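This is the structure:
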């Protein structure tokens, strides 16, 4: 339907405005010949492009142009139309297609973006500016000047100004090049840095060279800050994921003292629960697909919590106080769960899509974009943390958990059903692992080995933060996440991991109790 509508509009544009500016030579030069000649003709036509020229460029981009008797003809449905006169033309079966290679397609896209920069819709203009980044030439300067003069949105006007300056930097006039170099000083685009470096190598005027060097230094400094802030955000993002993974472990290991090597597989169950809910929404509720993730949260929690409760009732409760046996038993259970998932869902990774409202991101600087999915997970981690803290510190169940953790015999003497509290607490920790799996499904692959990459890091977070201390878990997760990303920028991924592990070993040697030590009777137990 949209294609038919566009073809009707294209026909109207070709038939209207009899005083046409597009000439037969221009149309033929853009459609026929070597790529260099076609690109030159396209850029020349763009300088004084009218509606018919734009319509013809759009037709070339849509591959809706045929060659009839060495003349280009635009296809509108099954009818041929002369792009210059708008007269209907018979298109024989022997008509040749106009073929465009990747370079020509890129030039056509850039030309259409330059035209769209004059659109009345700010979103379309912004998209056109982003498309033109690093792909401007003198042929687009007329359109850029017109767009810059007419623009009323400050941010878009600044971006267009940067594009104008980038174009003017290659003009023969020294005054214009000097002015362009000074304007580019405020840019935060990586493409501007490349442009300045390239121009510096061929610039012959000393004054312009000095201005380019100053602008290059300012742009490099701004880009460096963007890289630093990007590393910090990546660290916070990694820290939020580690926090979600470690929160459940902080309960099962930190509060209950159970070394659960199947914690990663409980995360995997939460991720696969999200995948199943996605499939249900796609099949039965396609109109509400964007909201499947909200429905996945309680399902992921409940699935992992039920598996955790069954695990505690059938195995863990017989192994309290025997850490080695618990470690071996849960490791064996983790292998069983992975094999079960391989049997049910297959050994290959499954695809979990982001809802549309989690696609894209916030452009903070030229080289710094904050993806929406990472921002949502960061907020989700904070929400889960607050929920766990309120549950442990402000509810009757949390009081029972703390009482059993500090002194099990006295809590039992006071009427607390310690076995039930153990089951509920283990189910809670497992459910939080399921929530971590739900979140991880939005940023990575979902497969049987999902939890294996996080189990060691999550144990390190819990131990570093202080066993049984939620506040310590937060500090350790965020600290390790940021430190890891900063070290990656200096040392690389492998050396950064080694350096981080050495840091944790030295820290625990000096402070075995972690960042926050347990106080009171629980520390003596």
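In our numbering, the protein residues as written are 1 to 525.
Yeah, the Cβ is synthetic: ideal placement off N, Cα and C, and Gly gets one too.
Fair warning: this is a prediction, and the values are worked out from it, not measured in the lab.
If you drop the 5 nearest sequence neighbours on each side, which residues of the same chain put their C-beta closer than 6 Å to that of residue i?
i           : result
residue 512 : none
residue 267 : 433, 436, 437 and 451
residue 341 : 448
residue 429 : 248, 251 and 252
residue 60  : 108
The alpha helix (DSSP H) with residue i in it runs from where to where?
i           : result
residue 52  : 51 to 61
residue 192 : 190 to 202
residue 153 : Unbroken run through residue 153: none, as it is neither H nor E.
residue 268 : 263 to 284
residue 179 : 174 to 183
residue 220 : 206 to 249
residue 317 : Per DSSP, residue 317 belongs to no alpha helix (DSSP H) and is neither H nor E.
residue 451 : First-last for residue 451: undefined, no H or E at that position.
residue 23  : Residue 23 -> no alpha helix (DSSP H), and no H or E assigned at all.
residue 37  : 35 to 47
residue 104 : 102 to 116
residue 130 : 122 to 132
residue 424 : 418 to 440
What residues in its chain sit with their C-beta under 7 Å from that of residue i, if we drop five residues either side in the sequence?
i           : result
residue 373 : 354, 358, 442 and 443
residue 505 : none
residue 515 : 464, 465, 466, 472, 475 and 476
residue 380 : 439
residue 88  : 79, 80 and 81
residue 531 : Limits of the chain in this structure are 1 at one end and 525 at the other, which puts residue 531 out of reach.
residue 510 : none
residue 319 : 325, 326 and 329
residue 488 : 496
Can you give me the C-alpha to C-alpha distance between residue i and residue j, rounded to a whole angstrom?
i           : j           : result
residue 336 : residue 284 : 32 Å
residue 297 : residue 386 : 16 Å
residue 302 : residue 75  : 57 Å
residue 36  : residue 63  : 19 Å
residue 77  : residue 103 : 27 Å
residue 215 : residue 262 : 55 Å
residue 211 : residue 162 : 16 Å
residue 328 : residue 252 : 16 Å
residue 494 : residue 481 : 15 Å
residue 73  : residue 31  : 10 Å
residue 409 : residue 259 : 22 Å
residue 190 : residue 113 : 20 Å
residue 100 : residue 39  : 11 Å
residue 333 : residue 241 : 24 Å
residue 207 : residue 178 : 8 Å
residue 65  : residue 95  : 10 Å
residue 270 : residue 392 : 22 Å
residue 306 : residue 346 : 22 Å
residue 188 : residue 486 : 21 Å
residue 293 : residue 446 : 15 Å
Once you ignore the five residues that flank residue i on each side, which residues in its own chain have a CB closer than 8 Å to its CB?
i           : result
residue 532 : The chain is shown from 1 up to 525; residue 532 falls before or after that span and cannot be answered.
residue 156 : 122, 125, 126 and 129
residue 209 : 200 and 203
residue 507 : 464
residue 174 : 205, 207 and 208
residue 218 : 185 and 186
Please state whether DSSP places residue i in a helix, a strand or coil.
i           : result
residue 67  : strand
residue 325 : helix
residue 336 : helix
residue 95  : coil
residue 80  : strand
residue 487 : helix
residue 30  : helix
residue 258 : coil
residue 512 : coil
residue 347 : coil
residue 523 : The pLDDT assigned to residue 523 is 44, lower than 50, so where the model puts this residue is not dependable; a value taken from the coordinates is nonetheless given after this. Three-state result, residue 523: helix.
residue 505 : helix
residue 409 : helix
residue 72  : strand
residue 89  : strand
residue 446 : strand
residue 187 : coil
Identify the continuous beta strand (DSSP E) that holds residue i and give its terminal residues.
i           : result
residue 368 : 368 to 371
residue 361 : 361 to 365
Problem - Stretch-stretch touch, CB-based, cutoff 8 Å, three pairs: the segment 393 to 404 with the segment 283 to 291 - result: Segments in contact, no.
Practice task
Evaluate the contact criterion for the segment 231 to 248 versus the segment 374 to 389: three or more CB pairs, one atom per stretch, below 8 Å.
Solution key: Contact between the segment 231 to 248 and the segment 374 to 389 is present, because at least three Cβ pairs lie under 8 Å.
Problem - At least three beta-carbon pairs within less than 8 Å, the segment 391 to 400 to the segment 412 to 429 - result: Because the criterion of three Cβ pairs below 8 Å is met, the segment 391 to 400 and the segment 412 to 429 touch.
Exercise for the section: Spell out a yes or no on whether the segment 273 to 280 and the segment 456 to 471 are touching, meaning 3 or more CB-CB pairs, one atom from each, closer than 8 Å. Expected result: With the cut-off at 8 Å, the segment 273 to 280 and the segment 456 to 471 do not touch.
Practice task
Decide yes or no for the touch test of the segment 453 to 465 against the segment 217 to 232: beta carbon pairs closer than 8 Å, at least 3 of them.
Solution key: A contact between stretches requires three or more CB pairs, one per stretch, nearer than 8 Å, and the segment 453 to 465 fails this requirement with the segment 217 to 232.
Exercise for the section: Kindly confirm or deny that the segment 298 to 318 and the segment 360 to 371 touch, where touching means at least three C-beta pairs closer than 8 Å. Expected result: When C-beta atoms of the segment 298 to 318 are compared with those of the segment 360 to 371, fewer than three pairs fall below 8 Å, so the two segments do not count as touching.
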